[in-house]
Amino acid sequence: MLFIASDHAGFELKAAMLKELKGKTETEDLGTDSLESCDYPLFAKKLADKVLANSGSLGLLMCGTGIGMSIAANKLKGIRAAAVSDNVSAQFAREHNNANVLCLGSRVLNVKQALECLNAFLNAKFDTTSPRHQRRIDEITSFEK
Ligand code: RB5
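Residue numbers (this note's numbering): 1073 to 1217.
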């Protein structure tokens, strides 16, 4: 399951991504539902709670830059949210960082670029061939209070 949310700045990109994903990936749209100004932290929290409650699920957050969403989502224990602008970073966010949330910026990426990032993220898997990535994630997890 891929949970999806945005603020007003990411609303149109969210609509475009949902259209592209239709029939290919199971998605749940958590809002926002219009271009009316809203606060991105509330949507980051809503999505993070869903990802944490649904083992193995992933999240996609969109705002103007992806940065505010990632800062907010990363406050939740167990969330590893990556704000990226290219498909290589999106791929490594899964392979090395076991990111469970991808954050994209509608003012940074066009739909094609955003889709490339999302596909790279969804098609990559956490690299368990060496213990070093899990060890580093465990170190990060140990910082959580
Ligand atoms: C909203 O104008 C904008 O600040 C927000 O979408 C996001 O870019 C924050 O990081």
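Virtual Cβ for every residue (Gly too), placed ideally from N, Cα, C. Bear in mind that the values here come from a model prediction, so they are computed numbers and not experimental data.
Here Ala1125 is exposed, its C-beta having fewer than 16 other C-beta atoms within 10 Å. Check the Cα spacing between Gly1128 and each of Gly1150, Glu1188, Ala1162: the tightest is with Gly1150. Ile1212 counts as exposed, since fewer than 16 other C-beta atoms from the protein chains shown sit within 10 angstroms of its C-beta.
DSSP places Ile1209 inside the alpha helix (DSSP H), whose first and last residues are 1204–1214. DSSP, read as helix, strand or coil, puts Met1134 in strand. With contacts defined as CB atoms closer than 9 Å, Leu1190 and Ser1157 fail to qualify as a contacting pair.
In the structure shown, Gly1140 falls within a helical segment according to DSSP collapsed to helix, strand and coil.
Pro1113 and Ala1144 do touch by the CB rule: their CB atoms are close to 4 Å apart, below 8 Å. Boundaries of the alpha helix (DSSP H) harbouring Glu1092: 1083–1093, taken from the DSSP string.
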